[in-house]
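All residue numbers for the sequence shown refer to this note's numbering, where the first residue is -18 and numbers rise by one. A short write-up of the structure that comes next.
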Amino acid sequence: WSADKPADGPHKFSGFTASVLQLRPESAGHLSLRSANMDDHPEIHPNYLATDTDCRTIVKGIQIARRIAQAEPLKSYITEEHAPGKGVAMDDDVATLDWARRTSVTIYHPTGTCKMGIDPMAVVDPALRVKGVRGLRVADASIMPRIVSGNTNAPAIMIGEKASQLVLEDAR
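Pasting the structure below:
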């Protein structure tokens, strides 16, 4: 089945999805607090496709996916391309990038919002302690300075295991 968004349910036609994503994006976003109230959701600024390298990479990836779909044996099964669709010519880098900018979203595995490290941009130190806040640690995928190439589940479990060891060591 295929869908525009998981919550929308499947399309009423048969299809397949070829997702293009960047495993090593250069672009980085940021979060801003709306207030000191913990119930207020933060403002999220993903800053997708902010570098030339990211733009070239996503355009090339979309074009490769489209070429694969236009080759046999897939071609004979495809009656219509749903996205980006007829309005975006295969070799039109500008239109392809515009489509990518309008439709890009974060799915499944956001990381890096509380980067761990020793540099000035790091929020969490190597012992998972939030810098400048006594008694608070972060122990999830948000501390990863860079996203891993595969699923983030195993590294997140590893971070949790390390956090439990650090807490136990501090308690001794």
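Just so you know, even glycine gets a beta-carbon here, dropped at the ideal spot from N, CA and C.
- Kindly indicate which residue of Pro91, Lys(-14), Leu4 has the alpha-carbon position closest to the one of Ser130. Reading the sequence shown from its first residue, position 149 is the one you call residue 130. Minimum Cα distance to Ser130 is reached at Leu4.
- Under 7 Å between the Cβ atoms of Val40 and Asp74? Sequence index remark: in the sequence shown, residue 40 carries index 59 (1-based). Sequence index remark: in the sequence shown, residue 74 carries index 93 (1-based). It is a contact, given that the beta carbons lie within the stated cut-off.
- Message: Here's the rule: buried if 16 or more other CB atoms are within 10 angstroms of the residue's CB, otherwise exposed. What is Thr77?
- Response: As a position in the sequence shown, residue 77 is number 96, starting the count at 1. So Thr77 ends up on the buried side.
- Message: Three Cβ pairs or more, each shorter than 8 Å: is that satisfied between the segment 61 to 70 and the segment 89 to 96?
- Response: No: fewer than three Cβ pairs fall under 8 Å.
- Task: State the start and end residues of the unbroken alpha helix (DSSP H) segment that holds Ser145.
- Result: Against the sequence shown, residue 145 aligns to sequence position 164. Note, Ser145: alpha helix (DSSP H), 134 to 152.
- CB-CB under 7 Å to Ala212, same chain, minus the five flanking residues each way: which ones, in chain order? It is not possible to answer for residue 212, since the shown part of the chain is limited to -18 through 153.
- Message: Considering only the alpha carbon of each residue, which of Ile140, Thr87, Ala135 lies closest to Gly10?
- Response: One-based indexing of the sequence shown puts residue 10 at position 29. Comparing Cα positions, the closest option is Thr87.
- Query: For Ser8, which residues from the same chain have a beta carbon less than 7 Å from its beta carbon, with the 5 sequence-adjacent residues on both sides left out?
  - Reply: Position 27 of the sequence shown holds residue 8. Same-chain partners within the cutoff: Asn28, Tyr29, Leu30, Ala31, Thr32, Asp35.
- With a cut-off of 8 Å, do at least 3 Cβ pairs link the segment -14 to -4 to the segment 111 to 127? Counting Cβ pairs under 8 Å, fewer than three are found: no touch.
- Query: Is Val75 helix, strand or coil by DSSP?
  - Reply: Against the sequence shown, residue 75 aligns to sequence position 94. Helix at Val75.
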